[in-house]
Amino acid sequence: MKHQNNISEVSESDSLFDFSVDKTKKTVFITMEFSAELALVWDAFTKPEILDQWYAPKPYTSKTKFMEFKVGGRRFYAMVGPDGTERWAVQKYTSISPKSNFKFFNAFADKDENLELPGSDWDLNFREQDGRTEVRITVYNESLERLEKLIDGFKLGFGMTFETLTHLLAALSKK
Amino acid sequence: MRRDVFQAIADPTRRAIITLIALQAMTPNAIADNFNTTRQSVSKHLRILTECELVKQEQQGREIYYSLEIDKMKEIDKWLAQFRKIWETRFSQLDKVLSTLKKQKK
Chain A
721 MKHQNNISEV
731 SESDSLFDFS
741 VDKTKKTVFI
751 TMEFSAELAL
761 VWDAFTKPEI
771 LDQWYAPKPY
781 TSKTKFMEFK
791 VGGRRFYAMV
801 GPDGTERWAV
811 QKYTSISPKS
821 NFKFFNAFAD
831 KDENLELPGS
841 DWDLNFREQD
851 GRTEVRITVY
861 NESLERLEKL
871 IDGFKLGFGM
881 TFETLTHLLA
891 ALSKK
Chain B
35 MRRDVFQAIA
45 DPTRRAIITL
55 IALQAMTPNA
65 IADNFNTTRQ
75 SVSKHLRILT
85 ECELVKQEQQ
95 GREIYYSLEI
105 DKMKEIDKWL
115 AQFRKIWETR
125 FSQLDKVLST
135 LKKQKK
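Residue numbers (my numbering), protein chains in the order written: chain A, 721 to 895; chain B, 35 to 140.
Written as structure tokens, this is what we have:
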């Protein structure tokens, strides 16, 4: 059951992407490898003017209202939809080891920075080898618990895995 | 009272009911035959599942048949798929940003 939903992809520039989920640990793992030096990749994750260029999946745009990259500091930002709607969130930096690791607590918020709990804990590790930089991200998300209950229930109750059920549902919906 | 899909599946009996009626529409009696519990208890679970819009009822003659709302069930699977999709997109966008920055530095 460990590390399922494993998907690896190679982009045009020979970079790597991997996404996996450990449901028992309520943790998502994201591994990315770029053909770029560590200093540049570190900047891309820690400088708001670069973060805003890639953090929002298109057609959304990322807007950082302020960002103080230091332990105890925070980034207050929004994902802005094509229709102008803003979804605000806060990242609070809890630990920083320059060009190696940083951790933050992430939660959605309203436009006045009132947090919507629970949030998630993020841990980002950076490592350079042969001019390539690997970023390993782990996201511990409390709300995965709900998902975990569902999956375990299907397995224990009827010997049916979540995947099987998903396939079944997909087949049924085509009828 | 607002109910959501996650509340519906928090209970093992309700999860079992979902898997049963995923295969075919069933009457409350037929569903109850699969459990060592009272008919009242099964009706209560069916009511909650209906309120969560996971299950729909259809009158056929004198009987009510319960079946699964497929679209609602898919929400759960979508949850993880969406998160993966967001990071896939971020990854390719960051990859492009990095190549641009590399060129600027040269």
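C-beta atoms are modelled at their ideal positions from N, C-alpha and C, and glycine is treated no differently. Source: prediction; values computed, not measured.
Span separating the alpha-carbon of residue i from that of residue j
| i | j | result |
| --- | --- | --- |
| Glu103(B) | Asn70(B) | 25 Å |
| Asp738(A) | Phe754(A) | 12 Å |
| Leu135(B) | Ala756(A) | 10 Å |
| Thr853(A) | Phe846(A) | 7 Å |
| Glu122(B) | Val89(B) | 33 Å |
| Phe749(A) | Leu83(B) | 33 Å |
| Val133(B) | Gln773(A) | Reading off the sequence, residue 133(B) comes out as Ser, not Val. Computed Cα separation, rounded: 13 Å. |
| Tyr775(A) | Lys746(A) | 23 Å |
| Gln138(B) | Arg124(B) | 21 Å |
| Lys823(A) | Asp45(B) | 35 Å |
| Asn68(B) | Val741(A) | 33 Å |
| Gln91(B) | Glu97(B) | 10 Å |
| Ile52(B) | Glu87(B) | 12 Å |
| Thr72(B) | Leu57(B) | 22 Å |
| Thr805(A) | Leu760(A) | 31 Å |
| His79(B) | Glu85(B) | 10 Å |
| Thr751(A) | Arg49(B) | 33 Å |
| Leu54(B) | Lys130(B) | 48 Å |
CA nearest to the CA of residue i, picked from the options
| i | options | result |
| --- | --- | --- |
| Ala827(A) | Ser820(A), Ser840(A), Ile816(A) and Pro818(A) | Ser840(A) |
| Ile770(A) | Lys140(B), Ser101(B) and Leu128(B) | Leu128(B) |
| Asp734(A) | Ser126(B), Arg73(B), Ala42(B) and Ala64(B) | Ser126(B) |
| Ser101(B) | Leu132(B), Ser75(B), Lys139(B) and Arg81(B) | Arg81(B) |
| Lys778(A) | Leu760(A), Pro802(A) and Ala764(A) | Pro802(A) |
| Arg795(A) | Gly804(A), Thr766(A), Leu758(A) and Leu760(A) | Thr766(A) |
| Gln94(B) | Pro46(B), Thr47(B), Ala59(B) and Arg49(B) | Ala59(B) |
| Val810(A) | Gly793(A), Met752(A), Leu736(A) and Asn861(A) | Gly793(A) |
| Lys831(A) | Asp850(A), Ser817(A) and Trp808(A) | Trp808(A) |
| Asn821(A) | Glu848(A), Leu835(A) and Gly804(A) | Glu848(A) |
| Asn834(A) | Tyr797(A), Leu736(A) and Pro768(A) | Tyr797(A) |
| Pro768(A) | Thr805(A), Asn861(A) and Glu788(A) | Glu788(A) |
| Asn861(A) | Asp850(A), Phe825(A) and Ala759(A) | Phe825(A) |
| Gly851(A) | Leu758(A), Thr751(A) and Ile857(A) | Leu758(A) |
Residue i - partner residues in DSSP beta bridges
| i | result |
| --- | --- |
| Tyr813(A) | Phe824(A) |
| Ile98(B) | Gln93(B) |
| Arg847(A) | Glu854(A) |
| Trp842(A) | Phe824(A) and Val859(A) |
| Ile750(A) | Phe739(A) and Ile857(A) |
| Ser782(A) | Met799(A) |
Beta-carbon separation (whole angstroms), residue i vs residue j, contact threshold 8 Å
| i | j | result |
| --- | --- | --- |
| Ser815(A) | Val800(A) | Rounded, the Cβ-Cβ distance is 29 Å, inconsistent with contact. |
| Ser77(B) | Pro62(B) | 6 Å |
| Lys819(A) | Trp762(A) | 5 Å |
Requested in this report: Report yes or no: do the stretch 835-853 of chain A and the stretch 778-785 of chain A share at least 3 C-beta pairs separated by less than 8 Å?
Outcome: no
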